[in-house]
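**Student:**
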Amino acid sequence: KAVEQQIQSHRETHQKQISSLRDEVDAKEKLITELQDQNQKMMLEQECLRVEHEKLKATDQEKSRKLHELTVMQDRREQARQDLKGLEETVAKELQTLHNLRKLFVQDLATRVKKSAEIDSDDTGGSAAQKQKISFLENNLEQLTKVHKQV
16 KAVEQQIQSH RETHQKQISS LRDEVDAKEK LITELQDQNQ KMMLEQECLR
66 VEHEKLKATD QEKSRKLHEL TVMQDRREQA RQDLKGLEET VAKELQTLHN
116 LRKLFVQDLA TRVKKSAEID SDDTGGSAAQ KQKISFLENN LEQLTKVHKQ
166 V
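Once you know that position 92 of the sequence shown is 107 in this note's numbering, the rest is easy, because the numbers rise by one and skip nothing.
1) Using only alpha-carbon positions, find the residue among L36, S131, R117, E84 that is nearest to K148.
2) What first and last residue would you give for the alpha helix (DSSP H) that runs through S142?
3) What span of residues does the alpha helix (DSSP H) with K16 cover, start to end?
4) Are the beta-carbon atoms of L124 and L156 separated by less than 8 angstroms?
5) Please report the distance separating the alpha-carbon of Q51 from that of R26.
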């Protein structure tokens, strides 16, 4: 009977070991399943992050393109403003020159009319040619004045 007890004891020990090993295998399989699930979740999250990263990269590139576009537009506006400023200065100088010429013209006209009046003081109406010249000069003066005001 001692041999049977020994065999029984060995059998129980083996049963306990097998049971323990089965529990350990079950625990390891459960851990493997959990780790696989966790790995799959992380891979999905990584894919979502990759997609989001691509979207952000595309948005960043679009914003960079728009910034470049706006910078170019701003540079063009600044150049146009500088050109306009130069044009305004040129127009102002031309207007001043025109104004000075008009003054000289008016003075010259007044002097000529005065001389003509002194020469022709005998003739109250003046000659037809002189009247025509005066009329021509007055018309020119009016036209210059209109142009000066328009500019």
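By construction, the Cβ of each residue, glycine as well, lies at the ideal position given by its N, Cα and C atoms.
Because the structure is a prediction, the values reported are computed rather than measured.
**Tutor:** On the basis of the data shown:
1) Comparing Cα positions, the closest option is S131.
2) No alpha helix (DSSP H) holds S142; DSSP gives it neither H nor E.
3) Per DSSP, K16 belongs to no alpha helix (DSSP H) and is neither H nor E.
4) yes
5) Going from the Cα of Q51 to the Cα of R26 covers about 36 angstroms.
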